[in-house]
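Structure, as structure tokens:
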Amino acid sequence: MFSLTPAQLNFLSTNIAGFDPEQWFAEEAGRAGSDRRFFRIGRAKAQSDSYVLIVWVATDPDWNRFLDIARGVSRKLDVLPVIHAVDSRHGLILEEDLGSMTLKRVCAESEKGTIKSVYRRVLEAAARWHALDAGVSDAVATRAMNEKMYLWESGYFANHCVRDYFGCERMLDGAWLKECHELAAEAAKLPRVCMHRDFQSENILVVKDGIRFVDFQGARMGPAEYDLASLLLDPYVALGDEGAEADLLDHYRAVSGRRITARSFHVAAVQRLMQALGAFANLSLHKGRDWYRRYVPIGLERLARILDRENHFPTIAKVVDECRTYLK
Numbered sequence: 038m039f040s041l042t043p044a045q046l047n048f049l050s051t052n053i054a055g056f057d058p059e060q061w062f063a064e065e066a067g068r069a070g071s072d073r074r075f076f077r078i079g080r081a082k083a084q085s086d087s088y089v090l091i092v093w094v095a096t097d098p099d100w101n102r103f104l105d106i107a108r109g110v111s112r113k114l115d116v117l118p119v120i121h122a123v124d125s126r127h128g129l130i131l132e133e134d135l136g137s138m139t140l141k142r143v144c145a146e147s148e149k150g151t152i153k154s155v156y157r158r159v160l161e162a163a164a165r166w167h168a169l170d171a172g173v174s175d176a177v178a179t180r181a182m183n184e185k186m187y188l189w190e191s192g193y194f195a196n197h198c199v200r201d202y203f204g205c206e207r208m209l210d211g212a213w214l215k216e217c218h219e220l221a222a223e224a225a226k227l228p229r230v231c232m233h234r235d236f237q238s239e240n241i242l243v244v245k246d247g248i249r250f251v252d253f254q255g256a257r258m259g260p261a262e263y264d265l266a267s268l269l270l271d272p273y274v275a276l277g278d279e280g281a282e283a284d285l286l287d288h289y290r291a292v293s294g295r296r297i298t299a300r301s302f303h304v305a306a307v308q309r310l311m312q313a314l315g316a317f318a319n320l321s322l323h324k325g326r327d328w329y330r331r332y333v334p335i336g337l338e339r340l341a342r343i344l345d346r347e348n349h350f351p352t353i354a355k356v357v358d359e360c361r362t363y364l365k
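If you count the sequence shown from 1, you need to add 37 to reach the working numbering.
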């Protein structure tokens, strides 16, 4: 048995019928950018008898958001893991084990045709998620992607990626701030849906009976385009070509009935990629998660490509290009 604490073992014994530390195994099950830890708990030689134990700090504001969203969404859609038990005192959650077949892994191990088919299924699940009413959860209804939040994202990118990672703070002048405000104002006007907010390939599981989402505590009201950009421009995977991106956007439009314009997608994509790059830099530089460093060049390339499509934010593009010169 993996080195679990007495409190954790007691939680498992209380909530899993037949649990015996001598007969069950515990192994790390993935890693996140947060301070949460995940363990797969299973009966030896019985794959069907397995769970995921989340070890969290219950005073984290996202703890209650996670539980509130899980309760609300699960009444409407079968897209989240089932939560079996919660211990707020010790920061423990026992949930359904969805396996390890993330969308990221599908992309690494499958042929192009299979990948595209799976992405269509993911977009169909996303369309159902986006159709949820805000009232599905207080955590969703009371938070929104507004201008202040978008400015926080561009500031996060500026501080951790442009300044700390590349040392290009000289580029962060008044023109930069002006364009960030213009971008945030435009993004804030996009129609809002129930969005996931971190809709990338490590947070999407492919299971026998469909598609499931994890790491959903950041869900709030915001543009569908933001989730679509998170998925289709995800630095963790390669879709292969821009044609695939366009085809998949068309599929989402067809199944959702939503009007997604090239402009609205690009605006949300610039915001999302800046947020992701800020996270990659912060996590690798300041949180000891060095593996995120490899995604900085990919994220910058995709951000530059989006900015090149419509030359509406030339100063932001100039900052991105300056950072990219240090990668050559």
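Ideal Cβ placement from N, Cα and C applies to all residues, glycine included. On a predicted model such as this, the values are computed, not experimentally measured, just so you know.
Handout entry: Contact set for I366: own chain, Cβ-Cβ below 7 Å, skip 5 residues either direction
Key = The chain is shown from 38 up to 365; residue 366 falls before or after that span and cannot be answered.
Handout entry: Secondary structure of F56, DSSP reduced to three states
Key = Of the three classes helix, strand and coil, the one that applies to F56 here is coil, per DSSP.
Exercise for the section: Please determine if the segment 224-242 and the segment 346-358 are in contact, where contact requires at least 3 C-beta pairs separated by less than 8 Å. Expected result: The segment 224-242 makes no contact with the segment 346-358; the number of CB pairs closer than 8 Å stays below 3.
Practice task
Determine the DSSP secondary structure at T96, reduced to helix, strand or coil.
Solution key: In this structure, T96 counts as coil in the three-state DSSP scheme.
Problem - Proximal residues to S174 (C-beta, below 6 Å), its chain only, five neighbours per side dropped - result: These residues qualify, in order along the chain: D105, I106, G109.
Problem - Inter-stretch contact at 8 Å, needing at least 3 Cβ pairs: the segment 279-286 / the segment 309-323 - result: Look at the beta carbons and you see the segment 279-286 not touching the segment 309-323: under three pairs across the two are nearer than 8 Å.
Handout entry: Distance, A81 Cα to D201 Cα
Key = The straight-line gap from Cα to Cα measures roughly 46 Å.
Exercise for the section: Return the bridge partner residues of Y289 from the DSSP annotation. Expected result: In the DSSP output, where bridge partners are listed per residue, Y289 has none listed.
Handout entry: Those runs of the beta strand (DSSP E) which lie wholly inside the segment 254-339 and span at least 3 residues
Key = List check, beta strand (DSSP E) in window: 257-259.
Practice task
Measuring alpha carbon to alpha carbon, tell me which of I53, L320, G294, R326 ends up nearest E133.
Solution key: Ranking the options by Cα distance to E133, first place goes to I53.
Exercise for the section: Work out the CA separation of W213 and N196 for me, nearest whole Å. Expected result: The alpha-carbon of N196 is positioned some 13 Å away from that of W213.
Practice task
Return yes when the Cβ of L220 is within less than 8 Å of the Cβ of Y187, no when it is not.
Solution key: Closer than 8 Å, so yes.
Problem - Start and end residues, alpha helix (DSSP H) containing H167 - result: Segment 149-167, the alpha helix (DSSP H) holding H167.
Exercise for the section: Please name the residue, chosen from E148, H349, R309, K365, that lies closest to P334 on a Cα-to-Cα basis. Expected result: Here the closest residue by C-alpha is K365.
Handout entry: Span separating the alpha-carbon of P43 from that of I91
Key = C-alpha separation (whole angstroms): 15 Å.
Practice task
Report yes or no: do the segment 112-130 and the segment 162-177 share at least 3 C-beta pairs separated by less than 8 Å?
Solution key: Judged by Cβ distances under 8 Å, the segment 112-130 makes contact with the segment 162-177, as three or more pairs qualify.
Exercise for the section: Please confirm if the segment 239-257 is in contact with the segment 205-212, defined as three or more CB-CB distances below 8 Å between the two stretches. Expected result: Flag = no, the segment 239-257 and the segment 205-212 do not touch.
Handout entry: For V230, three-class secondary structure by DSSP
Key = Correct three-state label for V230: strand.
Handout entry: Beta-carbon proximity list for R73, same chain, < 8 Å, skipping 5 on both sides
Key = Excluding sequence neighbours, R73 sits near I91, V92, W93.
Exercise for the section: Per DSSP, which residues does L129 bridge with? Please list them. Expected result: The bridge partners DSSP lists for L129 are V92, D124.
Exercise for the section: Tell me, to the nearest whole angstrom, how far the beta carbon of V304 is from that of L160; I am working on the premise that it is less than 8 Å. Expected result: For a cut-off of 8 Å, the C-beta gap from V304 to L160 is around 20 Å, too long to register as a contact.
Exercise for the section: Look at the Cβ atom of Y329, then the Cβ atom of F203, and state whether they are nearer than 8 Å. Expected result: Not a contact, by the Cβ cut-off of 8 Å.
Practice task
Kindly indicate the opening and closing residues of the beta strand (DSSP E) around R77.
Solution key: Start and end: 74-80.
Handout entry: Identity of the residues DSSP links to I248 by a beta bridge
Key = For I248, which the question treats as bridged, DSSP gives the partners V243.
Practice task
List the whole-angstrom C-beta distance separating Y193 from Q237, where the pair is believed to meet the contact cut-off of C-beta under 8 Å.
Solution key: In fact, because the Cβ distance is near 16 Å, the residues do not count as touching under 8 Å.
Exercise for the section: Taking L285 as the reference, give the member of R300, S301, A266 with the closest Cα. Expected result: It is A266.
Problem - Spatially closest choice to R126 from L135, D97, D287, by CA coordinates - result: Across the set L135, D97, D287, the C-alpha of D97 shows the shortest separation from the C-alpha of R126.
Problem - Buried or exposed by the 16-neighbour rule on C-beta atoms within 10 Å, applied to S301 - result: Label assigned to S301: buried.
Handout entry: Close Cβ partners of L322 (< 8 Å) along its chain, the five nearest in sequence each way excluded
Key = Beyond the five residues adjoining it in sequence on each side, L322 comes within less than 8 Å, by CB distance, of H197, D201, Y202 in the same chain, given in chain order.
Exercise for the section: Would you give the residue range spanned by the beta strand (DSSP E) that A221 belongs to? Expected result: Looking at the DSSP string, A221 is not in any beta strand (DSSP E); the run it does join, the alpha helix (DSSP H), is 211-225.
Handout entry: Option nearest L129 by Cα separation, candidates Q45, A66, V251, G325
Key = Of the listed residues, the one whose Cα sits closest to L129 is Q45.
Practice task
Note down, one range per segment and in chain order, each alpha helix (DSSP H) of at least 4 residues found wholly within the segment 170-217.
Solution key: The qualifying runs are 175-178, 184-193.
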